[in-house]
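Read the structure below first, then the notes.
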Amino acid sequence: MESTDPVRPKAPRTRRTAGGLHVARAVAARSWDTGSVRLLLVEDEDAIAEPLAEGLRREGFVVERVATGKAALEVAEPDLVLLDLGLPDTDGFSVCRELRSRSSVPIIMVTAKGEEVDRVVGLEVGADDYMVKPFGIRELVARIRAVTRRTGERRAAQGAVRIGPLELDTRSRRVFVEGAEIDLTPKEFDLLALLASDPGAVVSRARILQEVWQTTWFGSAKTIDVHVAALRRKLGHPSWIETVRGVGLRLHVPT
Ligand code: CA
């Protein structure tokens with residue numbers, strides 16, 4: 005069918021290894037881990053939904069598909085919603101409005117060709133983006149990525165960061181692991197917040213010293229190690245903070 009790109013089987017994905025030996029390779033291999041993104045596909049037409057879900061799964065996403073608005077509202081909060089406008093029980097706008105009233109989950113509205121007028125309404129009811137059928141998997145993945153990044157930045161700016169079992173509230177400066185609050189010193193919090201501002205990215209020691217300790221004094225490097233050790237212990241998951249030898253640190257929380 006014309007609505008999807010020819011989907012080629014991908015080479016098996018290399019799983020990340022938390023152990024120190026494979027860190028360098030893992031950093032290079034992981035620009036964006038789609039496997040940690042749970043998509044909710046709301047689409048009533050099997051002929052569209054099935055190849056789309058299949059294509060997205062091949063891209064590594066975790067996909068749950070439902071066919072009605074009612075079912076969409078019953079699913080535990082996904083990371084992103086692909087929402088068809090024309091649904092059998094209700095319309096996509098109502099579902100979008102309802103979802104938006106209770107969460108900031110990114111929503112991409114999907115409509116049939118020629119419904120250009122809906123674009124404005126879709127964005128007004130809180131959709132983050134809008135796509136017109138038919139579209140290719142690649143274009144969709146690019147949009148998903150862009151929307152995920154934008155909403156991630158928006159949430160960070162609002163002060164709440166959630167990465168799998170780790171939650172940070174930068175306004176109240178509280179941290180939770182698996183729902184349980186942990187007690188951090190101010191510098192430990194600043195360090196964790198800096199790493200959490202871009203999970204998976206390596207943050208250099210120079211930048212950490214500058215942003216957390218407002219210094220570039222090389223001798224303070226040991227200070228970082230002391231705080232990292234304490235942070236690893238308090239988080240209860242030492243592997244979450246990875247040391248990238250000669251470069252810096254990165255936060256890697258399995259989601
Ligand atoms: Ca439909």
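In this text, residue positions in the sequence shown follow this note's numbering: the first is 5, and each later residue adds one. We put the CB at the ideal spot given by N, CA and C, even for glycine.
query	result
Reduced DSSP category for Ser243 - H, G, I as helix; E, B as strand; rest coil	helix
Any non-hydrogen atom of ligand 1 within 7 angstroms of Gly73 CB	no
6 angstroms Cβ shell around Val46 - same chain, five flanking residues per side excluded	Val70, Ala76, Leu87, Asp88
Near ligand 1: Asp93 beta-carbon under 7 angstroms from a heavy atom	no
Where Phe180 falls: helix, strand or coil (DSSP)	strand
Member of Phe139, Thr174, Arg177 whose CA lies at the smallest distance from the CA of Met113	Phe139
Buried/exposed call for Arg249, threshold 16 Cβ in 10 Å	exposed
Chain-order list of residues whose beta-carbon lies under 8 angstroms from that of Lys238 (same chain, five-residue window excluded)	Ile186, Asp187, Leu188, Glu192
Start-to-end residues for the alpha helix (DSSP H) that takes in Val216	209-217
Own chain, CB closer than 7 angstroms to Ala197, minus 5 neighbours either side, in chain order	Leu172, Thr174
Buried versus exposed, by CB contacts within 10 Å (16 or more), Asp133	buried
Glu47 beta carbon near ligand 1 (any heavy atom closer than 7 angstroms)	yes
Between the CA atoms of Arg149 and Ala30 - distance to the nearest angstrom	Here the model assigns Ala30 a pLDDT of 34, short of 50, so the residue's position is not dependable and the matter cannot be decided.
Buried/exposed call for Val129, threshold 16 Cβ in 10 Å	buried
Simplified DSSP assignment, three categories, for Glu63	coil
8 angstroms CB neighbourhood of Val232 in its chain, flanking five on each side removed	Leu195, Ile245, Thr247, Leu253
8 angstroms Cβ shell around Glu68 - same chain, five flanking residues per side excluded	Arg42, Leu43, Leu44, Leu45, Val79, Pro82
Other residues of its chain near Val66: CB distance less than 6 angstroms, five sequence neighbours each side excluded	Arg42
Per DSSP, the bridge partner or partners of Ala164	Asp173
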